[in-house]
Amino acid sequence: MALREAGYEAIMVNCNPETVSTDYDVSDRLYFEPLTLEDVLAIVEAERPEGVMVQLGGQTPLKLARALEQAGVPILGTPPDAIDRAEDRGRFGELLAELGLPHAPWGIAASFEEAREVAARIGFPVLVRPSYVLGGRAMEIVYDEEMLARYIESAARVSPEHPILVDRFLEDAIEVDVDALFDGSELYVGGVMEHIEEAGIHSGDSACVLPPHTLSRRQITEIRDGTEALARGLGVRGLINIQFAAKDAHLFVLEANPRASRTVPFVSKATGVALAKAAALVMAGATIAGLRASGILPAEEPVGAGTLRHVAVKEAVLPFGRFPGAETLLGPEMKSTGEVMGIDRTFGAAFAKAEEAADARLPRKGRIFVSVNDRDKRAIVLPAKRLAGLGFELLATEGTADMLGRNGISARVVPKVGEGSPHVGDLIAAGEVALVMNTPSGSGTRRDGEYIRTAAVRYGVPCITTLSGVQAAVQGIEDLLAAEPSVLSLQEYQGGPGGRGAPDRRGAGSPKAPSPPVDQGGPGGRGAPDRRGAGSPKAPSPPVDQGGR
3 MALREAGYEA IMVNCNPETV STDYDVSDRL YFEPLTLEDV LAIVEAERPE GVMVQLGGQT
63 PLKLARALEQ AGVPILGTPP DAIDRAEDRG RFGELLAELG LPHAPWGIAA SFEEAREVAA
123 RIGFPVLVRP SYVLGGRAME IVYDEEMLAR YIESAARVSP EHPILVDRFL EDAIEVDVDA
183 LFDGSELYVG GVMEHIEEAG IHSGDSACVL PPHTLSRRQI TEIRDGTEAL ARGLGVRGLI
243 NIQFAAKDAH LFVLEANPRA SRTVPFVSKA TGVALAKAAA LVMAGATIAG LRASGILPAE
303 EPVGAGTLRH VAVKEAVLPF GRFPGAETLL GPEMKSTGEV MGIDRTFGAA FAKAEEAADA
363 RLPRKGRIFV SVNDRDKRAI VLPAKRLAGL GFELLATEGT ADMLGRNGIS ARVVPKVGEG
423 SPHVGDLIAA GEVALVMNTP SGSGTRRDGE YIRTAAVRYG VPCITTLSGV QAAVQGIEDL
483 LAAEPSVLSL QEYQGGPGGR GAPDRRGAGS PKAPSPPVDQ GGPGGRGAPD RRGAGSPKAP
543 SPPVDQGGR
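Numbering (my numbering), first residue to last: 3 to 551.
Listed below in structure tokens is the structure:
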């Protein structure tokens, strides 16, 4: 639509009619065809476009870029070689070394023996995955050689033509997503999003918050500098998504995707900046300076916390309730089927709204079951104390209850499954538990609470499996009990093109508002527009800065 407004004719190719069933008029022509090289080339032959954009349709169009270029089709925006350099782990690792950007130790293996050597060198646990994966498919966290052998045998086709990547898994790291726009000389950072779940959870399954709520200004500056260095080093023209991990005061690059990510609609709604529109114009030749001058991009980036007066939280919608007995533990392979968004002036209130929209409403009273691994026992003390102070009754397994008692926190001991009745599963089934907090870790304990988590899903009880999620939930509950969430329109939160947010309109004595509906914007920004084809009437020159392609 942005290119049509600028005088271009836009032609879209989409293999899923449902995704555009309500937006049939976003392009001049719409092809419901498979995204295969043969079908796309047939469309190109019929339309004869000046160029094709592959950045706005996910991972599948990126795979076609090289072959389309070899067939003589101009690729607008980021060139195919830059796409390959980001996707090929060997080439990407060389670029990171050239730029001096740290990354987790890794290696490539074409056999179990090679994978074992890499794992021995970088240390367990490791994250293993094939190259060019979609949605984290066939990715797994491996904790020992036995799991590694089982993974290679059952989940991956390993050969010199189909190697696997073996990365050191950064436990307890904070993952950060960045969506940015680069025109070849200038960078615009649309948003820096801090994941609530630990690094290693697929970004599509992890809740995230904008602006980041625990990162320091120094870390945010390092993230922006690293984003600019990578965008420039790759040769990006358009959107880029980069994932970082912050651990022990160090920042690591996880991966870079030279395309629109699933978080672009979330960032645009949270900040009021149409990133997909700006990206399409940059790929057509516009500059960021020109887009700032025209008002499409604001003068100031919403990078740090100081530029927004509200907080937005994206939460994943998970399908576990439709699959009784399915393991609910999140990991590197994506399981979500959608996402929702909550906005408020504080992180806790925004998180609570997002959880309610994802059908995991946080309780305001009742019993909370707590069972954490040994590594998290020290860190659970403060959240447990805060929950007890809010009037919740805590239930815990014997080990966790003993630890809480030694810290002055009362918790009723509940038997584990198989140790007697009523055990925690019985209490969940009877509706006596309002929230489950179960944090497994390691190759065995990650699955020890499977029965508890499955029971929670079956009976509709919210279940949190990470310590960071526990801390976020406590903040959400505190804000819910302190005041009813505010009710404002998305436009009021955005506060105009700059997305600075609405002022707090709740004065002393103001009536409390009911919980608002949450904006449930889903993924969007699809399309492959181009300029007018042969035989079409000429369009006027687009009113954008044509600062080179």
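Every residue, glycine too, gets a C-beta built ideally from N, C-alpha and C. Computed from a predicted structure; not experimentally measured.
Could you pull out every residue in the same chain whose Cβ sits closer than 6 Å to the Cβ of Gly235, ignoring the five residues on either side in sequence?
Leu97, Leu101
Beta-carbon proximity of Pro464 to Leu437, cut-off 8 Å:
yes
On the DSSP letters alone, give me the boundaries of the alpha helix (DSSP H) that Ser296 sits inside.
290–296
Distance, Thr309 Cα to Ala295 Cα
19 Å
Quick check on the burial criterion: 16 or more other C-beta atoms within 10 angstroms. Buried or exposed for Val54?
buried
Assigned exposure category for Asn409 - 16 Cβ within 10 Å defines buried:
exposed
Straight-line Cα distance separating Val472 from Ala381
10 Å
How many angstroms separate the CA atom of Val15 from the CA atom of Phe34?
6 Å
Give the straight-line distance between the Cα atoms of Glu7 and Gly292, rounded to the nearest whole angstrom.
16 Å
Residues near Arg118 by beta carbon distance below 7 Å, same chain, minus five either side
Glu147, Leu150
Alpha carbon to alpha carbon, how far is Gly407 from Val374? Give it in angstroms, no decimals.
15 Å
According to the neighbour-count rule (16 or more other Cβ atoms, all chains shown, within 10 Å of its Cβ), is Gln477 buried or exposed?
buried
Three-state secondary structure (DSSP) of Gln473:
helix
Cα separation between Leu397 and Ser412?
9 Å
CB contact check: Tyr453 to chain D, cutoff 8 Å:
Given the protein chain composition of this structure (a single chain), no chain D is represented.
Determine the contact status of Gln72 and Val178, defining contact as a CB-CB distance below 8 Å.
no
Pull up the distance between the alpha-carbon of Ala301 and that of Ser488, whole angstroms please.
29 Å
May I ask whether a heavy atom of the ligand ZN can be found less than 7 Å away from the beta carbon of Ala258?
You won't find the ligand ZN in this model; it holds no ligand whatsoever.
Relative to the C-alpha of Val284, which residue among Val46, Arg239, Ala318 is closest?
Arg239
With a threshold of 16 other CB atoms inside 10 Å of the CB of Gly109, please say whether the residue is buried or exposed.
buried
Whole angstroms is fine: what's the gap from Asp207's alpha carbon to Phe353's?
15 Å
Could you tell me which whole alpha helix (DSSP H) segments of length 4 or greater appear in the segment 340–410?
349–359, 379–391, 400–408
Quick one: grab the DSSP three-state call for Phe325.
coil
Does the beta-carbon of Gln493 have 16 or more other beta-carbons within 10 angstroms, so that it is buried, or is it exposed?
exposed
Exposure label - Lys367; buried when at least 16 CB within 10 Å
exposed
Work out the CA separation of Cys210 and Val435 for me, nearest whole Å.
26 Å
Which same chain residues end up closer than 7 Å to Ala605 when comparing Cβ atoms and leaving out the 5 residues on each side of it in sequence?
Outside the displayed range of the chain (3 to 551) lies residue 605, so it cannot be described from this structure.
Range covered by the alpha helix (DSSP H) that runs through Gln496:
492–496
Could you give the DSSP three-state label for Tyr461: helix, strand or coil?
coil
Using a Cβ-Cβ cut-off of 6 Å (strictly less than) and excluding sequence neighbours within five positions of Val415, which residues of its own chain qualify?
Glu400, Ala403
With contact counted as at least three CB pairs below 8 Å, one residue from each stretch, are the segment 309–320 and the segment 342–350 in contact?
yes
Buried or exposed: which applies to Asp250, given that a residue is buried once 16 or more other Cβ atoms fall within 10 Å of its Cβ?
exposed
Among Ala356, Arg93, Gly420, which residue has its Cα nearest to the Cα of Val319?
Ala356
Identify the residues that DSSP records as bridge partners of Thr441: which are they?
Val374
Less than 8 Å between the beta carbons of Thr467 and Arg455, yes or no?
yes
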